[in-house]
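This report concerns only the one structure given below.
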Amino acid sequence: MNQMTSRERVRAAINHKPSDRVPVDLGSTPVTGIHCTTYSRLRRALGLPYEPVKVIEPMQMLAEVDTEVAEILQIDTIGLQLPTTIFGFPNCGWKPFKFFDGTDLLVSEFFNVTVDSNGDLLMHPEGDLSTPPSARMPKDGFYFDAIVRQQPDAEKRLDPREFAEEQVRLYNEEELNYLQSTADYYYKNTEKSLVGCWWQGGLGDIALVPGMSIRNPHGIRDPQRWYEMLVENPDYIRDIFAIQTDIGIENLKLYKQAVGDKIDIIVVSGTDFGSQRGPLISPSLFRSLWKPFYKKINDWIHSNTNWKTFYHSCGSIAMLMDDLIECGVDIINPVQCSAAGMEPDQLKRKYGDKIVFWGGGVNTQCTLPFGSADEVKEEVTERIRIFGKSGGFVFATIHNIQANTPVENIIAMYETVLGEKLCN
Amino acid sequence: MEDLKKLSDAIINGDVQTARSVTESALNAGIDPVKIVHDYMVPAMNEVGRRFDCNEYFVPELLLSARAMKACLELVKPKLVSGGVKAQGRVVIGTVKGDLHDIGKNLVAAMLEGGGFEVIDLGVNVAPEKFVDAVKNMDANIVAMSALLTTTMPAMKTTIDALKNSGVRDKVKVLVGGAPITQKFAEEIGADGYSENAPGAVALARKLIAA
Chain A
238 MNQMTSRERV RAAINHKPSD RVPVDLGSTP VTGIHCTTYS RLRRALGLPY
288 EPVKVIEPMQ MLAEVDTEVA EILQIDTIGL QLPTTIFGFP NCGWKPFKFF
338 DGTDLLVSEF FNVTVDSNGD LLMHPEGDLS TPPSARMPKD GFYFDAIVRQ
388 QPDAEKRLDP REFAEEQVRL YNEEELNYLQ STADYYYKNT EKSLVGCWWQ
438 GGLGDIALVP GMSIRNPHGI RDPQRWYEML VENPDYIRDI FAIQTDIGIE
488 NLKLYKQAVG DKIDIIVVSG TDFGSQRGPL ISPSLFRSLW KPFYKKINDW
538 IHSNTNWKTF YHSCGSIAML MDDLIECGVD IINPVQCSAA GMEPDQLKRK
588 YGDKIVFWGG GVNTQCTLPF GSADEVKEEV TERIRIFGKS GGFVFATIHN
638 IQANTPVENI IAMYETVLGE KLCN
Chain B
2 MEDLKKLSDA IINGDVQTAR SVTESALNAG IDPVKIVHDY MVPAMNEVGR
52 RFDCNEYFVP ELLLSARAMK ACLELVKPKL VSGGVKAQGR VVIGTVKGDL
102 HDIGKNLVAA MLEGGGFEVI DLGVNVAPEK FVDAVKNMDA NIVAMSALLT
152 TTMPAMKTTI DALKNSGVRD KVKVLVGGAP ITQKFAEEIG ADGYSENAPG
202 AVALARKLIA A
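Line by line, the protein sequences give chains A and B. Using our numbering, read the first sequence as starting at 238 and increasing by one per residue. Using our numbering, read the second sequence as starting at 2 and increasing by one per residue.
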């Protein structure tokens with residue numbers, strides 16, 4: 238087969254057609270990325286000069302994949318992301334920051350942390366130090382996690398609209414201009430496939446429930462209580478989802494006007510539905526609370542654009558696959574093959590002609606961080622053999638490449654995917 | 002005893018209000034608190050575990066049942082203590098150092114309590130020496146550790162090493178769990194057991210105590 242451009246390669250894969258090689262994603266989304274400390278070591282292992290690493294997502298501390306690395310690893314995708322963060326501050330005006338392990342980073346000028354008596358880092362909504370912190374990174378840790386800030390009397394007055402509007406609002410002119418000019422730039426100046434990181438279909442995404450960007454969040458903000466409310470008060474949840482979906486679809490219209498069909502993929506939702514052993518919630522609850530809204534969003538996208546819909550859910554979601562496909566999910570990520578019922582050959586056989594697997598490349602909980610380079614090669618070869626058959630596969634690790642992952646294993650992984658030596 | 006059947010149902014259905022009110026009336030009527038726990042609360046939580054195991058119940062239902070059970074236990078506990086009743090065993094539980102995730106750990110703690118164990122919850126980001134101190138000072142039989150991150154899994158081994166170095170490793174059984182943990186990892190670090198879910202942790206704790 239003739240050599241394809243990255244864009245052609247990804248387009249073939251997401252349309253279930255064969256390509257010259259399996260397309261590869263790294264860093265186009267905050268669920269297919271790499272931790273900044275690991276990235277810094279990877280750059281050096283690839284023979285690139287030591288440079289501070291830009292942190293593109295400050296909660297998981299993900300690196301921006303620069304053009305040098307993208308070229309060496311032959312990455313086929315590029316993310317279209319607004320320069321905002323999960324903490325509500327803009328990602329701009331870069332300043333140096335020394336990580337716990339000594340790695341030199343560049344972070345947003347609004348990345349303002351305080352240090353508590355244990356040495357933990359505390360992050361504040363919108364980077365405003367006068368507001369109580371909304372996230373914490375333990376001393377010597379690698380990631381931030383939400384601090385639960387549900388107001389004590391929150392349950393006395395539950396207002397779905399208030400919650401929904403704190404989660405999502407209409408795009409402003411500046412954001413739309415950014416989307417338009419960035420999509421134009423990437424489309425004209427690269428041959429990569431553009432991934433639109435929209436995310437607003439992430440209804441009840443547990444990472445967003447605590448409202449880390451909000452100074453004074455209302456409603457149910459405690460993740461544990463949120464899970465209980467799904468069963469105890471589904472009307473509250475459904476009303477929130479309905480309002481978020483309506484705002485989301487208005488934003489999709491604006492997004493479409495700004496980027497048109499320059500993007501190939503739209504990332505819709507990051508809501509996790511699976512644990513290691515099965516779904517977190519019952520399939521019937523999924524059908525009643527999520528499926529109608531997902532269908533509404535996917536129907537709009539399919540009626541008005543050529544975009545493929547990308548859904549991220551960790552864990553075992555085998556029991557939900559039929560429902561996801563029925564409501565119009567085109568691409569599933571991260572394909573956590575180690576979870577119950579998520580065996581690659583079974584998934585490919587049952588759903589391979591209906592859904593694209595974006596991920597599933599290697600286990601980042603076990604093989605990649607703790608296995609040998611040979612074990613990595615073996616697993617990657619097997620996954621490409623199974624998932625790559627007749628298209629419908631974009632290679633990515635199962636969720637982000639984590640901190641403390643040996644770079645030799647990462648290089649072994651890319652050498653296996655690309656079929657060539659990357660360094661001597 | 003029709004009233005107390007309502008308690009089992011309330012726990013199974015995750016109805017916190019009914020669980021509380023039925024327990025209150027039962028205690029007021031002078032019913033033996035041990036009977037409330039052993040004949041109604043523990044079997045109800047066993048049933049919840051069974052439903053979870055066969056995919057009738059999922060995380061929200063498990064959390065709601067645990068909540069109802071805790072409301073009942075809060076009322077019964079003071080009477081059990083004054084009556085000098087012995088728990089099945091005493092568990093020190095926590096999420097290991099560097100890790101702040103607690104939903105899974107909280108569920109295991111609640112299920113163990115609902116299974117008749119006394120549970121001392123050390124919270125999250127628990128340093129090895131805190132586990133050691135708790136074992137020494139609280140006379141625990143079981144140490145249960147949770148981790149969600151691949152970067153914090155090694156802290157489980159560090160904690161087991163700390164228990165060894167302080168000479169208390171043989172006094173306790175060590176259980177581990179959390180998303181990236183496997184049976185193989187548990188064996189490698191010298192833990193006594195691993196469970197992939199909360200009801201399984203209760204069964205494991207019972208087995209280890211009986212051994």
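Quick reminder that beta carbons are idealized off the backbone N, C-alpha and C, glycines included. A quick note: this is a predicted structure, and the numbers were derived from the prediction, not measured.
Less than 7 Å between C-beta atoms, sequence neighbours within five positions excluded: which residues of the same chain meet that for residue i?
i, result
"L557 (chain A)", "F510, P516, P520, F523"
"M404 (chain A)", "Per the sequence shown, the amino acid found at residue 404 (chain A) is Gln instead of Met. Excluding positions up to five away in sequence, the list reads L445, Q481."
"E487 (chain A)", "L407"
"K591 (chain A)", "I562"
Excluding the 5 residues flanking residue i on each side, which residues of the same chain have their C-beta closer than 8 Å to its C-beta?
i, result
"G578 (chain A)", "G515, S553, A555, M556"
"D396 (chain A)", "H455, G456"
"L467 (chain A)", "G441, I474, I518, L522, L526"
"K528 (chain A)", "D560, E563, C564"
"L319 (chain A)", "E412, Y415, L416, C434"
"L123 (chain B)", "V93, I94, G95, K131, F132, A135"
So, at 6 Å on beta carbons, what are the nonlocal neighbours of residue i in its own chain, with the 5 sequence-adjacent residues on each side left out?
i, result
"M296 (chain A)", "I323, F381"
"D103 (chain B)", "T96, V125"
"A128 (chain B)", "K98"
"A187 (chain B)", "V177, Y195"
"D262 (chain A)", "T269, T314, V631, A633"
"F594 (chain A)", "V572, F624, F630"
By a C-beta neighbour count over all protein chains shown, 10 Å radius and 16 as the cutoff for buried, is residue i buried or exposed?
i, result
"K36 (chain B)", "exposed"
"G168 (chain B)", "exposed"
"Q583 (chain A)", "exposed"
"Q388 (chain A)", "exposed"
"K429 (chain A)", "buried"
"H39 (chain B)", "exposed"
"E410 (chain A)", "exposed"
"M238 (chain A)", "exposed"
"S627 (chain A)", "exposed"
"L366 (chain A)", "exposed"
"R244 (chain A)", "buried"
"L490 (chain A)", "Here residue 490 (chain A) is Lys; the residue named in the question, Leu, does not match the sequence. Flag for K490 (chain A) reads exposed."
"L285 (chain A)", "exposed"
"E232 (chain B)", "Any answer about residue 232 (chain B) is impossible in this case: the structure gives chain B only from 2 up to 212."
"E119 (chain B)", "buried"
"P369 (chain A)", "exposed"
"I351 (chain A)", "It is worth fixing the name first, because residue 351 (chain A) is Thr in this sequence and not Ile. T351 (chain A) should be labelled exposed."
"S354 (chain A)", "exposed"
"D501 (chain A)", "buried"
"T601 (chain A)", "buried"
"P255 (chain A)", "exposed"
"E301 (chain A)", "buried"
"D390 (chain A)", "exposed"
Run down chain C in chain order and give the residues with a C-beta less than 7 Å from the C-beta of residue i.
i, result
"G191 (chain B)", "The chain labelled as chain C is not found among the protein chains of the depicted structure, namely A and B."
Could you give the DSSP three-state label for residue i: helix, strand or coil?
i, result
"L310 (chain A)", "coil"
"I182 (chain B)", "coil"
"P375 (chain A)", "coil"
"I32 (chain B)", "coil"
"I143 (chain B)", "strand"
"Y548 (chain A)", "strand"
"P520 (chain A)", "helix"
"A640 (chain A)", "coil"
"M556 (chain A)", "helix"
"T151 (chain B)", "coil"
"D353 (chain A)", "coil"
"I121 (chain B)", "strand"
"Y651 (chain A)", "helix"
"N570 (chain A)", "strand"
"L358 (chain A)", "strand"
"L113 (chain B)", "helix"
"G201 (chain B)", "helix"
"V23 (chain B)", "helix"
TODO: Decide if the stretch 461-470 of chain A is in contact with the stretch 56-68 of chain B; the criterion is three or more beta carbon pairs, one per stretch, under 8 Å apart.
DONE: yes
- [ ] Tell me the start and end of each unbroken beta strand (DSSP E) in the stretch 388-445 of chain A that is at least 3 residues and wholly inside, in chain order.
- [x] 430-434
Task: Three-pair Cβ contact test at 8 Å for the stretch 146-165 of chain B versus the stretch 633-642 of chain A - done: yes
TODO: Would you check if there are 3 or more beta carbon pairs closer than 8 Å linking the stretch 274-293 of chain A to the stretch 401-419 of chain A?
DONE: no
- [ ] Quick one: which unbroken beta strand (DSSP E) runs of 3-plus residues sit fully inside the stretch 432-507 of chain A? Chain order, please.
- [x] 500-506
Open item on the list: In chain order, what are the residue ranges of uninterrupted beta strand (DSSP E) at least 3 long that sit wholly in the stretch 271-346 of chain A?
Closed with: 290-294, 314-317, 332-335, 341-344
TODO: Kindly provide the ranges of any alpha helix (DSSP H) runs that are 4 or more residues long and lie completely inside the stretch 25-111 of chain B, ordered along the chain.
DONE: 43-54, 60-83
TODO: Decide if the stretch 15-25 of chain B is in contact with the stretch 73-83 of chain B; the criterion is three or more beta carbon pairs, one per stretch, under 8 Å apart.
DONE: yes
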